[in-house]
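Structure first, commentary second.
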Amino acid sequence: MYSFCHFCPFPAASRRAQRAAIFSLCFLVLFAGDSTGALITLHSQTAVSLELVGYDGLDEISLARAKVPAGGSVTIDTAYNGLGVLVFAGGQSYPVILRDESFTLHIEDAARPPSFTGSNANEHFYARMSGKEKEAGPDPDGFALLMIQTKQLLDSSSAIRTIGELSAKKKEFQAFVRDQYEQLRHSDMVRRLVAQSFMMHEYVEYHSAGVPATGIKVRYQEAVLQGVASWLAVLVPHLPRHEIVNYCLSLYYERSMVTLAALIADRFQDDAFCPGVSREKWTFPPGLSVTGAEGSDEMKLAAIPGSKVIAFVADDCPASMVATVVRARQSADRNKGAQVIVAPLQQLSGTHLHMNSMVSGGGMLFVNDEQWRRENLAEKIRLPLFVPLEDDPAFPNGTSTK
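Now the structure itself:
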């Protein structure tokens with residue numbers, strides 16, 4: 001079985017997995033209301049729940065979600081033009097080329113790759129990917145071939161072992177993205193090339209005779225930081241700096257490598273943010289509902305003793321979660337630091353609660369008050385943001401960690 005989502009060791013598909021709960025809802029119609037794009041008919045022999053994901057640079061976009069009954073079909077109308085990924089509720093995933101042509105996608109079950117009727121691009125793509133080049137029909141515009149070439153470039157990095165090989169392969173990746181960005185933009189390949197360029201650092205032996213372990217660690221960290229800088233140089237003509245830095249942060253945060261993510265945020269602190277409105281005044285009622293990381297120990301804000309700091313986070317803003325974990329670690333190290341209370345912009349979920357596992361001893365608390373969230377967090381705010389309650393001079397009112 002072939003799956004694009006499985007060859008990259010970085011958890012690029014983890015946000016898709018986190019959305020698995022969404023599949024309990026029944027979405028029978030789909031994206032793009034007034035779209036004049038292609039109609040894609042999904043026909044399945046077994047009942048399946050799935051999501052079609054697209055891409056724009058480093059951004060992952062949900063194109064459609066559907067429940068297809070056994071023996072039934074659902075039609076998606078989308079103007080998206082590029083490489084999408086069909087993600088099933090169980091995590092299985094398969095690439096799908098979406099162009100201007102309408103076609104039918106046939107599903108046996110989630111464990112088997114789909115087949116296609118009326119899509120020369122996908123028939124060519126899957127034939128080539130399964131090693132059946134002689135059976136591959138025409139590639140209408142060369143897009144399928146470009147995707148295959150990109151995957152081959154990614155695969156070529158597995159043999160990296162020396163710093164010299166790493167440097168050469170990173171330059172090859174970056175030159176490829178620089179030259180092909182517009183063609184790669186609407187695929188997951190920009191994300192994967194960036195992610196794999198960082199993963200390659202872990203293939204390399206940084207040890208040198210006489211260099212202590214701490215020195216090796218510093219060399220590795222500096223190489224990662226230089227990697228962020230080099231990708232900024234490549235991608236800034238196309239993407240905002242904060243989007244690039246947030247994506248690089250996410251690659252380490254999602255692996256619980258918070259120290260390295262924090263080093264990136266510190267080195268590129270002017271770009272380690274997510275844009276939004278700035279608010280100077282906040283109201284936190286004494287009866288605000290707060291919970292522990294295990295979902296137990298419900299309490300009211302007024303019942304929490306000592307100094308407290310409200311840390312706002314968003315699950316689409318890695319910089320906010322990195323900064324919050326760092327803040328909680330600082331409080332834990334000081335023992336008498338302010339109690340960190342996380343206020344998610346989205347409904348409280350496992351994504352937010354997981355932050356507690358990244359702090360030795362845990363101890364983080366979380367706002368779990370939907371009425372307050374809807375009334376106060378309807379608009380996107382600039383993050384990271386920390387708002388102290390009572391006396392916490394280290395974090396003046398309304399400031400972030402930067």
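In the working numbering, the protein residues as written are 1 to 402.
Using N, Cα and C, we set each Cβ at its ideal position, and we do this for glycine too.
DSSP on residue i, reduced to helix/strand/coil?
i    : result
Q346 : coil
D369 : coil
C317 : coil
I381 : strand
G82  : strand
F103 : strand
L63  : strand
T214 : helix
T351 : helix
G227 : helix
S331 : helix
T150 : helix
S35  : For S35, the pLDDT reaches just 43, beneath the cut-off of 50, and the residue's location in the model is therefore unreliable, leaving the point undetermined.
Y206 : coil
V190 : helix
F88  : strand
F284 : coil
Q269 : coil
T46  : coil
M299 : strand
May I have the straight-line CA-CA distance separating residue i from residue j, to the nearest angstrom?
i    : j    : result
K132 : H124 : 9 angstroms
L52  : D188 : 13 angstroms
S230 : A323 : 23 angstroms
L42  : T259 : 44 angstroms
S320 : K170 : 28 angstroms
I22  : C248 : For I22, the predicted structure reports a pLDDT of 34, less than 50, and the residue's modelled location is therefore unreliable. A value from the coordinates is still provided. Their backbone Cα atoms lie some 26 angstroms apart in a straight line.
P286 : V340 : 16 angstroms
P384 : V177 : 30 angstroms
E60  : E243 : 12 angstroms
E101 : A311 : 47 angstroms
T403 : Y220 : No information on residue 403 is available, as it lies outside the stretch 1 to 402 that the chain covers here.
L235 : M147 : 19 angstroms
L377 : H238 : 30 angstroms
R112 : S278 : 48 angstroms
I381 : D141 : 42 angstroms
V342 : V367 : 6 angstroms
T288 : P305 : The amino acid at residue 288 is misidentified as Thr; the sequence shows Leu. Rounded to the nearest angstrom, the two C-alpha atoms are 14 angstroms apart.
V290 : M355 : 16 angstroms
A159 : Q183 : 27 angstroms
A175 : A136 : 29 angstroms
K67  : T162 : 48 angstroms
D369 : F273 : 25 angstroms
V190 : L301 : 44 angstroms
K217 : G227 : 15 angstroms
F268 : D77  : 40 angstroms
Q149 : K134 : 17 angstroms
V74  : R99  : 18 angstroms
S167 : D179 : 18 angstroms
L30  : S130 : Confidence is the limiting factor: at L30 the pLDDT is only 43, short of 50, which leaves the residue's position unreliable, though a coordinate-based value still follows. For L30 and S130, the distance between alpha carbons rounds to 30 angstroms.
V325 : L145 : 43 angstroms
Shortest alpha-carbon distance to residue i belongs to which of the options?
i    : options                   : result
I97  : F173, A66 and H186        : H186
F88  : T104, P114 and T75        : P114
M358 : N246, M257 and Q149       : M257
K281 : T351, L353 and F386       : F386
L105 : A111, F116 and L353       : F116
V85  : P69, I76, A79 and P95     : P95
L225 : L263, H352, T162 and L83  : L263
G54  : T46, L83 and Q269         : L83
K151 : G363, P305, Q269 and F173 : F173
D109 : L145, L63 and S44         : S44
M199 : I107, E222 and Y252       : Y252
N246 : E379, V194, K217 and Q180 : V194
W372 : T78, Q347 and L389        : Q347
D271 : P69, P240 and S250        : P240
Taking the beta carbon of residue i as the centre, do at least 16 other beta carbons fall within 10 Å, making it buried, or is it exposed?
i    : result
Q196 : buried
D34  : Any reading at D34 is ruled out, since the residue's pLDDT is 43, under 50, leaving its predicted position unreliable.
P318 : buried
R327 : buried
L39  : exposed
R192 : buried
K308 : buried
E294 : exposed
T283 : exposed
R329 : buried
D139 : buried
S360 : exposed
G72  : exposed
Under 8 angstroms by Cβ, that's how I've got residue i and residue j pegged, so tell me the actual separation to the nearest angstrom.
i    : j    : result
F143 : S119 : That pair is no contact at about 12 angstroms.
T315 : T351 : The question names Thr, but residue 315 is Asp in the sequence shown. The pair is a contact, with the Cβ atoms about 5 angstroms apart (cut-off 8 angstroms).
G292 : L365 : 6 angstroms
G363 : A332 : 6 angstroms
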